[in-house]
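Right, one structure below, let's go through it.
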Amino acid sequence: MAGKILLIFLCMNVISFSVNASLRPHACAVESGGKCSESGEWKGEFFPGIPKIKYEGPDSQNPLAYRWYNAEEVIFGRKMKDWLRFSVAFWHTFRGTGVDPFGAPTKYWPWEDGTNSIAMAKRRMRANFEFINKLGIDRWCFHDRDIAPEGKTIQETNSNLDEVVKLAKELQGDNIRPLWGTAQLFMHPRYMHGGCTSSELGVYVYAAAQVKKAMEVTHYLGGENYVFWGGREGYQTLLNTDMEYELDHMARFLEAAVAYKKKIGFKGTLLIEPKPQEPTKHQYDWDAATTTNFLQRHGLIGEFKLNIECNHATLSGHSCHHDVETARINGLLGNIDANSGDAQTGWDTDQFLTDIGEATMIMISVIKNGGLEPGGLNFDAKLRRESTDVEDMFIAHIVGMDTLARGLRNAAKLIEDGSLSELTHRRYESFENELGALIEAGRASFEMLEKKAIEWGEPKVASAKQELAEMIFQSFL
Ligand code: XUL
Ligand code: CO
Numbered sequence: 003m004a005g006k007i008l009l010i011f012l013c014m015n016v017i018s019f020s021v022n023a024s025l026r027p028h029a030c031a032v033e034s035g036g037k038c039s040e041s042g043e044w045k046g047e048f049f050p051g052i053p054k055i056k057y058e059g060p061d062s063q064n065p066l067a068y069r070w071y072n073a074e075e076v077i078f079g080r081k082m083k084d085w086l087r088f089s090v091a092f093w094h095t096f097r098g099t100g101v102d103p104f105g106a107p108t109k110y111w112p113w114e115d116g117t118n119s120i121a122m123a124k125r126r127m128r129a130n131f132e133f134i135n136k137l138g139i140d141r142w143c144f145h146d147r148d149i150a151p152e153g154k155t156i157q158e159t160n161s162n163l164d165e166v167v168k169l170a171k172e173l174q175g176d177n178i179r180p181l182w183g184t185a186q187l188f189m190h191p192r193y194m195h196g197g198c199t200s201s202e203l204g205v206y207v208y209a210a211a212q213v214k215k216a217m218e219v220t221h222y223l224g225g226e227n228y229v230f231w232g233g234r235e236g237y238q239t240l241l242n243t244d245m246e247y248e249l250d251h252m253a254r255f256l257e258a259a260v261a262y263k264k265k266i267g268f269k270g271t272l273l274i275e276p277k278p279q280e281p282t283k284h285q286y287d288w289d290a291a292t293t294t295n296f297l298q299r300h301g302l303i304g305e306f307k308l309n310i311e312c313n314h315a316t317l318s319g320h321s322c323h324h325d326v327e328t329a330r331i332n333g334l335l336g337n338i339d340a341n342s343g344d345a346q347t348g349w350d351t352d353q354f355l356t357d358i359g360e361a362t363m364i365m366i367s368v369i370k371n372g373g374l375e376p377g378g379l380n381f382d383a384k385l386r387r388e389s390t391d392v393e394d395m396f397i398a399h400i401v402g403m404d405t406l407a408r409g410l411r412n413a414a415k416l417i418e419d420g421s422l423s424e425l426t427h428r429r430y431e432s433f434e435n436e437l438g439a440l441i442e443a444g445r446a447s448f449e450m451l452e453k454k455a456i457e458w459g460e461p462k463v464a465s466a467k468q469e470l471a472e473m474i475f476q477s478f479l
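In the working numbering, the protein residues as written are 3 to 479.
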C-alpha cells in the first residue's frame, strides 16, 4: 500500500515540474545537431526520417504503417476516421519524461532543452503538430499548464498561455482542433486539498479563475469539448472532511462553469471524467454510476456528459466496457480516454490499449451510441519508462489506433451477423407477452403477480449460454 501511494504521484507522469533538471540538457539540446538556434527556433523537421503514416493493410510488416486503420474506409455508412475521432494527449506525448518514484527521466527528446520556458513551450507545440500531421490525426487534448508555463501572477500565467495558444491556433490550420481542453488543478501545491472542494476559499477562487481561462482558450482554439477531471476533488480521511459540504461546493463550481460556457458562446460538451482514486485516496467522481448520481442530485444532468477512461474504470473495479455501457444507457457517453491498465498492478499505468477483445467491446457500445461526436477517442496513454526512441511515440499511437480500428471492424461484423444480439434477446423472450407488457408498463401489482405464481408453479429457468456467447464473440476477433 505504501508503495502504491508512493507511486501515485509520479506514475501520473503528467508534467515535468518534478523532473530533476540537473540530469537534463540545457539551452539547446546537445543532440539537436545544430537544429536549435539561439532564439529557440527549430530548423527543419522534428521527426526526420518518419514519413506520413499510411494504411498498408493487415499483411504489412512495416511498424510505421497502419494495418487496420484506414481513415477514409466506410463502415456502417460512416468513415472510420469519423467513428474513431482519435486525439493525441499533449501531456503524455510531449511532457512525459519516463520518471517513476525510483528513477530519473529516461526520455530526452532532441528538441527539449530542459527548461520550462515559453520558447521551449512553443518549440514543443511545433513538434506536436508535426507529430499529429504525420499520424493523420485531426485532434489533440491539453491541460492549460502542460502547454504553457505558470507565471508569478494569474495575469502573467494567462499571458503566457495566450502566447502559446496563439501559435497553436496558427499551427492547427483548418483541419486540426482540440477534442478537448482542461485545467490542471492538481499539480501546483495550492491544490493540495483540491480545487473546488478545497477547504480554502482562496483556492476555490483561484481554481475558478483558472477554469474560466482554460474554457476561454479551448473555445478560442475551436475545441469540441471541455473536461473536468477532479484529480484532487476528494479526501484523504473522512475524520477531517465534510463530504456533503465539499460536494455542494463542487456542484456550485460546475454550475458557474455552465453559466460561463453559455456566456462566451462555447457550444462544446462539458465532460466529467470519473476516477476512483489516485492521487486522493477517494475521488468524488468515483465511476460512471457515482458521477451520474451526483449530476442527477444537483440538477446538472442535461449540462454534462462523461469522459470514460478505461484505466480509471478498471481501477474502480469495473471493466472499461462496463463503465462505457453505464454512461451510454444513461445517455451520458460523451468521450472515451482510450487507454489500458496493467492486469497485475493496481494503479493508473496509462498504457496504450492493445487488447483486441476489449477494443471490440468498447466499439460495440460506440456503435450502439451512434458514435461519440462531438467526443472521440483520446489517447490518454504514455510510452512506458523503458521505451525511449522517438519512433516509439509513433509506434505506440499506431498500435493504439490499429487496435481500436480493428475493434470497430469486429464490432460492425458482430452486429451485422446478429447471433450475439439474438442470443441476448432470446434470454428475455419469456417477457414477450401480455403479462410482460403489464410489468414493463408498471401496471402489474404484487397481488396480480402472486396469482400468476400460484397458477404457474415452479418456473423453468433456461441456460444463460455464457460460453456460447464467448465462442461467438471470439470468432469475430
Ligand atoms: C489522470 C487523467 C487526466 C485527465 C485530464 O488520470 O486521466 O489526464 O484525462 O485531466
Ligand atoms: Co484521462
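For glycine and all other residues, C-beta sits at the position ideal for the given N, C-alpha and C.
Minimum Cα-Cα distance from L256 among the listed residues P103, L451, H300, A439 corresponds to H300. When DSSP states are grouped into helix, strand and coil, A91 belongs to the strand group. In this model, L240 and T405 are separated by some 41 Å (Cα to Cα). Within the DSSP secondary-structure output, A67 pairs in a beta bridge with K56.
Look at P191 here: in three-state DSSP terms it is helix. By the Cβ rule, the stretch 311-320 does not count as touching the stretch 54-65, because fewer than three pairs are nearer than 8 Å. About 4 Å separates the CB atoms of A329 and L308; that is less than 8 Å, so the two are in contact. Note that the stretch 398-417 touches the stretch 362-371; at least 3 beta-carbon pairs, one per stretch, sit closer than 8 Å. Fewer than three pairs of CB atoms, one per stretch, sit closer than 8 Å, so the stretch 382-399 makes no contact with the stretch 430-442. Straight-line measurement puts the Cα of F78 at about 28 Å from the Cα of N64.
Comparing alpha carbon positions, the residue from P276, E434, G196 closest to D350 is P276.
Remark: the C-beta of W231 is in contact range of the ligand CO, defined as less than 7 Å to any heavy atom.
The C-beta distance from N337 to G377 rounds to 3 Å, short enough to meet the 8 Å contact threshold. Residue pairing for E311: DSSP places it in a beta bridge opposite D339. Beta-bridge analysis with DSSP links I400 to no other residue.
Here the C-alpha atom of A340 lies approximately 27 Å from the C-alpha atom of A106. Check the Cα spacing between W231 and each of V219, P281, A261: the tightest is with P281.
With 16 or more neighbouring CB atoms inside 10 Å of its own CB, M252 falls in the buried class. In this structure, the alpha-carbon of T99 lies about 43 Å from that of A471. Distances from the CB of E311 to the heavy atoms of the ligand CO include at least one below 7 Å. Residue state for R387 is assigned as coil, using DSSP reduced to three classes.
In this structure, DSSP gives Q186 a state outside helix and strand, which the three-state scheme calls coil. Secondary structure at K81: strand, using DSSP grouped into helix, strand and coil. A straight-line Cα-Cα distance of about 40 Å links L272 and K467. Between A185 and V213, the CB-CB gap stays under 8 Å.
Looking from the CA of S432, the closest CA among G420, K462, M450 belongs to K462. The criterion of a C-beta distance shorter than 8 Å is not satisfied by L173 and R125. Less than 8 Å divides the Cβ of N227 from the Cβ of L181.
Per DSSP, R234 is not a residue of any alpha helix (DSSP H), being assigned neither H nor E. For D339, the shortest C-beta to heavy atom distance toward the ligand CO is below 7 Å.
Under the 8 Å Cβ criterion, the stretch 75-94 counts as touching the stretch 142-157, having at least three qualifying pairs. Annotation note: the stretch 120-162 contains the following uninterrupted beta strand (DSSP E) runs of length 3 or greater, listed N- to C-terminal: 141-145.
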